[in-house]
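A.B. asks:
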Amino acid sequence: MKKILIALLAAAMLFAFTACDDDNGPSFREVRNFSELKGAAEAGEKNIALADDIDIKENLELDVAGLTIIGNDHTMTIGSEYNGTGYVINVLASDVTIDNVNIIVTEDKTGVYVIEAGNVTSTGFTFKNSSIKGEKWNADSETNASVAIGVNLSTEGTANNCEFTDCYTPIYVNASSVTLNEIKFNSGITFGVDVSAEKLNNLTLVKTENWDKANLDFTDAGSVDITDVRTKFADSGIEVRPSATV
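If you're matching positions, the sequence shown starts at 83 in the numbering used here and goes up one per residue.
1) Per DSSP, what kind of secondary structure is residue 272 in: helix, strand or coil?
2) Check the DSSP bridge columns for residue 114 and list the partner residues they point to.
3) With a threshold of 6 Å, establish whether the CB of residue 198 neighbours any heavy atom of the ligand NAP.
4) Going by Cα to Cα distance, which pick from 220, 261, 267, 219 is closest to residue 232?
5) Kindly indicate which residue of 308, 159, 284, 145 has the alpha-carbon position closest to the one of residue 121.
6) Would you report the Cα separation of residue 176 and residue 124, rounded to the nearest angstrom?
7) If you measure between the beta carbons of residue 174 and residue 201, is that distance less than 7 Å?
8) Check each candidate in 126, 117, 131 and name the one with the smallest Cα separation from residue 110.
9) Are the beta-carbon atoms of residue 23 and residue 241 separated by less than 7 Å?
10) In chain order, what are the residue ranges of uninterrupted beta strand (DSSP E) at least 3 long that sit wholly in the segment 239-310?
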């Protein structure tokens, strides 16, 4: 009998260790509308998942370190119901991730600033497997778009496997530590600082009906040497600004 009990105890302990190893990751709080999304963020939830498409109605502050929002390929629409000003989504904490969400900005506005992740108090923001789509209201103008800036990235910010279409400035880069990888875009990514070519990988032009050009614009960075960037994108169809002087 003692041998049987010892065998059963050993089996139970083995099962317990196996169960511990079978970790499916953190549980996510599902949200189905903007009120639930904002409420979850304000309540300090660290893992939030969209369970439906939502309309963003006002500004959203993300002030929880380590927060992850999983979009599950749902859409956030910034349209007629939005009545905020400044940046729609303001990242105030570090190590925030927005993953697998499609953001669409409609309406003929003067310009929407979608995500602010350049705050000096926040580092390590990641925007991945996602998209931001604007609307261009005048095919003859490069300035009349519903999105003024898609994402403003600062310290250790990352955009990975994303698409930005018909945004006046898809990404504004505010730190040399920013990494851009697998980005499809049109119009112009703007750099306020010098960023080495090794931080910019697999950037490609995506053409739409109203915007069929793309550029990497270092004008705001001042007098910096961007020879390596010009060389890397020489045959990409993406213009590097300012143009090299002879």
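A virtual CB, placed ideally from N, CA and C, is assigned to each residue, including glycine.
C.D. replies: If we stick to the structure as given:
1) strand
2) For residue 114, which the question treats as bridged, DSSP gives no partner whatsoever.
3) No copy of the ligand NAP occurs in the structure displayed, which carries no ligand at all.
4) 267
5) 145
6) 16 Å
7) yes
8) 131
9) The structure shown has nothing for residue 23, since the chain only spans 83 to 328.
10) 240-247, 251-255, 261-267, 269-273, 282-287, 296-299
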